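Asker: Please find one structure pasted underneath; my questions will follow.
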């Protein structure tokens with residue numbers, strides 16, 4: 033799991049894995065006095081599509097993303113955007 037610099041205020045966890053382990057064995061009802069209301073916004077237009085990636089390729093993407101200190105999602109979106117832009121420019125060049 034990816035390390036985080038901040039610590040969860042209730043669990044004291046430093047990773048998402050530690051947070052998950054904590055909440056697997058604890059009830060939020062026991063910590064009600066430590067919680068607070070937050071405003072949430074939901075944008076149904078911000079939809080995501082999930083695409084299957086071969087396990088070996090995903091492992092390599094995760095390694096590269098880690099080396100670059102970005103999330104795997106950020107890396108993949110950046111690379112896809114660059115490639116789509118490149119193809120669009122090539123198509124525009126041949127259409128002229």
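Residue numbers (the numbering used here): 33 to 128. Glycine included, each C-beta is placed from N, C-alpha and C at the ideal position. Note that this is a predicted model, so its numbers are computed, not measured.
1. Beta-carbon within less than 8 Å of residue 212's beta-carbon, same chain only, minus the 5 sequence neighbours each way: which residues are those?
2. Excluding five sequence neighbours on each side, which residues of the same chain lie with their C-beta closer than 8 Å to the C-beta of residue 55?
3. Measuring straight from C-alpha to C-alpha, what distance separates residue 72 and residue 59?
4. How would you write the range of the alpha helix (DSSP H) that residue 93 sits in, first residue to last?
5. Around the C-beta of residue 124, are 16 or more other C-beta atoms found within 10 angstroms, so that it is buried, or is it exposed?
Answerer: On the basis of the data shown:
1. No statement about residue 212 is possible, as the shown extent of the chain runs from 33 to 128 and does not include it.
2. Counting from one through the chain shown, the residue named residue 55 turns up at place 23. Answer for residue 55: 43, listed in chain order.
3. Taking the first residue of the chain shown as position 1, residue 72 is located at position 40. Taking the first residue of the chain shown as position 1, residue 59 is located at position 27. Cα to Cα, the separation comes out at about 22 Å.
4. Indexing the chain shown from 1 puts residue 93 at position 61. Where residue 93 is concerned, the enclosing alpha helix (DSSP H) stretches over 87–100.
5. Within the chain shown, numbered from 1, the residue matching residue 124 stands at position 92. With fewer than 16 neighbouring CB atoms inside 10 Å of its own CB, residue 124 falls in the exposed class.
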